[in-house]
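What follows is a set of notes on a single structure, which appears directly below.
Protein chains: 2
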Amino acid sequence: MQKAPLSRETLLPLMAAHVLEHGLGRASLRPLAKAAGTSDRMLIYHFGNKEALIRELLEYIAGVYSTALEMALGDDRPTTRQQCFARIADQGRQPTMRRFMVLWWEIVAGAARGIPGYSEAAQEMITKQLAWLEAQMPEDDPDPAGGARYLLTMMEGTLMLGTVGHARTASEGLLASDLSRP
Amino acid sequence: MQKAPLSRETLLPLMAAHVLEHGLGRASLRPLAKAAGTSDRMLIYHFGNKEALIRELLEYIAGVYSTALEMALGDDRPTTRQQCFARIADQGRQPTMRRFMVLWWEIVAGAARGIPGYSEAAQEMITKQLAWLEAQMPEDDPDPAGGARYLLTMMEGTLMLGTVGHARTASEGLLASDLSRP
DNA sequence: AATACGATGTAGCAATCGCTACAAGAGGAA
DNA sequence: TTCCTCTTGTAGCGATTGCTACATCGTATT
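The listed protein sequences derive, respectively, from chains G and B. Under our numbering, the letters of the first sequence match residues 558 to 739, in that order. Under our numbering, the letters of the second sequence match residues 558 to 739, in that order.
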């Protein structure tokens with residue numbers, strides 16, 4: 558069988574899949590290389606060192622996340638903010654997005670610690686999510702930009718509470734917000 | 558100099574300080590032991606293995622967090638939800654709490670991954686924060702329980718956006734919520 | 001005094017970490 | 001051909017990982 562040239566573009570999606578399943582914290586060169594069908598030797602050869610590799614990998618994952626969001630853009634807009642929030646929540650429950658979420662908190666933790674590459678990826682993912690949300694806002698919304706930011710904040714808080722086992726707290730909080738009053 | 562008996566109770570605060578500064582991800586036995594003035598040998602002796610150590614350490618940290626919250630309880634209550642939110646935000650800007658925040662996202666990430674001990678600590682910290690918030694709600698609030706959960710959700714979303722460099726997004730979101738309308 | 005037991009130091013083990021030195025092959029350029 | 005550069009495999013380095021075997025103290029009990 559002939560050997561395809563293994564470049565960064567070939568390796569990144571395979572490593573991204575590995576990281577999505579096993580996390581970033583324990584992503585060391587040899588397992589990553591095995592998942593990508595190469596050796597640690599070649600990863601260093603292609604990316605220079607691990608830090609640069611992780612940086613490129615996070616960048617790539619942020620890109621994948623963006624396109625996943627764009628593909629999830631329905632052509633019918635919700636008519637109220639409540640409906641809009643519900644739609645994001647539904648979308649966040651998709652298994653594809655759930656796998657992103659587990660990785661997401663690791664990225665946030667890395668960004669908080671200042672690990673190089675993490676903050677950039679986190680910012681891009683939030684920026685993309687915000688743009689997606691603005692495009693989903695009701696047409697007659699009096700303040701789509703602010704509303705999208707409001708929904709985003711509530712959404713992220715809800716997601717966090719959900720992942721630490723306080724989903725009920727979040728849903729009860731939602732009931733007490735104006736997002737539950739038409 | 559005489560040698561104090563080094564028990565778990567003596568070791569935990571020293572290790573907690575180390576973890577608060579250097580993070581959980583790279584908290585290995587030998588640095589932890591050095592920070593606590595012992596050897597890795599003794600940490601295993603006292604706690605059995607690393608997993609149990611981390612579990613107890615997180616439990617201890619959650620306790621410290623709780624008492625820190627209780628000490629931050631002012632005796633005058635805010636009169637509006639907006640004021641209440643502002644007070645939590647101020648408190649979150651304290652340097653003591655900032656150091657907790659960096660660790661917090663690591664705990665959330667661990668909880669999302671299902672690492673033993675993380676979810677329990679995260680749940681307790683949220684529960685305590687929720688109780689603290691309920692005690693801080695305005696006296697005449699029509700729904701203190703729901704309101705506290707609402708504020709908590711917004712707060713956590715705001716904090717997250719802040720740590721990934723989207724503080725402005727969060728503050729603009731706050732302006733578009735009913736927390737900015739009297 | 002003899003014994004038992006808890007506490008601790010020393011040394012080390014197998015595994016894994018990121019990374020590198022060296023050589024070998026392949027393919028194009030001269 | 002002869003060279004040169006790009007790509008890859010093999011082997012290994014020193015450091016660190018969690019953890020353990022063994023010996024040695026001091027103290028308490030018998």
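For each residue, glycine too, the CB sits at the ideal point set by N, CA and C. All values derive from a computational prediction rather than experimental measurement.
Quick check: residue i and residue j, are their CB atoms within less than 8 Å of each other?
i, j, result
"G/R612", "G/G671", "no"
"G/A733", "B/G714", "no"
"G/L600", "G/L586", "yes"
"B/L716", "B/L690", "no"
"G/E696", "G/R644", "no"
"G/E663", "B/A666", "yes"
"B/H575", "G/I683", "no"
"G/L736", "G/R650", "no"
"G/T710", "G/L718", "no"
"B/G580", "B/L660", "yes"
"G/L568", "G/A593", "yes"
"G/V721", "B/A679", "yes"
"G/R656", "G/L577", "yes"
When burial is assigned at 16 or more other CB atoms within 10 Å of the CB, is residue i buried or exposed?
i, result
"G/A669", "buried"
"G/L630", "exposed"
"G/Y602", "exposed"
"G/M740", "Only positions 558 to 739 of chain G appear in the structure, and residue 740 of chain G is not among them; the question remains open."
"G/P701", "buried"
"G/D698", "buried"
"B/G730", "buried"
Between the alpha carbons of residue i and residue j, how many angstroms are there, rounded?
i, j, result
"B/M654", "B/Q648", "7 Å"
"B/A619", "B/E681", "7 Å"
"G/T636", "B/Q693", "35 Å"
"G/A573", "G/K685", "19 Å"
"G/C641", "B/S728", "20 Å"
"G/A561", "B/E677", "The pLDDT assigned to G/A561 is 48, lower than 50, so where the model puts this residue is not dependable, and the model offers no usable value."
"G/A590", "B/D632", "58 Å"
"B/S623", "B/F604", "23 Å"
"B/E566", "B/Y617", "9 Å"
"G/G582", "B/P588", "18 Å"
"B/S596", "B/R738", "57 Å"
"G/P652", "G/A584", "22 Å"
"B/L571", "B/S564", "12 Å"
"B/M658", "B/R598", "31 Å"
"B/A646", "B/A625", "15 Å"
"G/N606", "B/N606", "32 Å"
Which residue comes first and which comes last in the alpha helix (DSSP H) that contains residue i?
i, result
"G/A733", "Unbroken run through G/A733: none, as it is neither H nor E."
"B/T710", "701 to 720"
"B/D597", "597 to 604"
"B/G580", "Here B/G580 belongs to no alpha helix (DSSP H), and DSSP marks it neither H nor E."
"G/P588", "586 to 593"
"B/I672", "From DSSP, B/I672 is part of no alpha helix (DSSP H); its letter is neither H nor E."
Complete beta strand (DSSP E) runs within the stretch 606 to 646 of chain B (minimum length 3 residues, chain order): Runs of the beta strand (DSSP E) lying entirely within the stretch 606 to 646 of chain B and spanning at least 3 residues: none are present.
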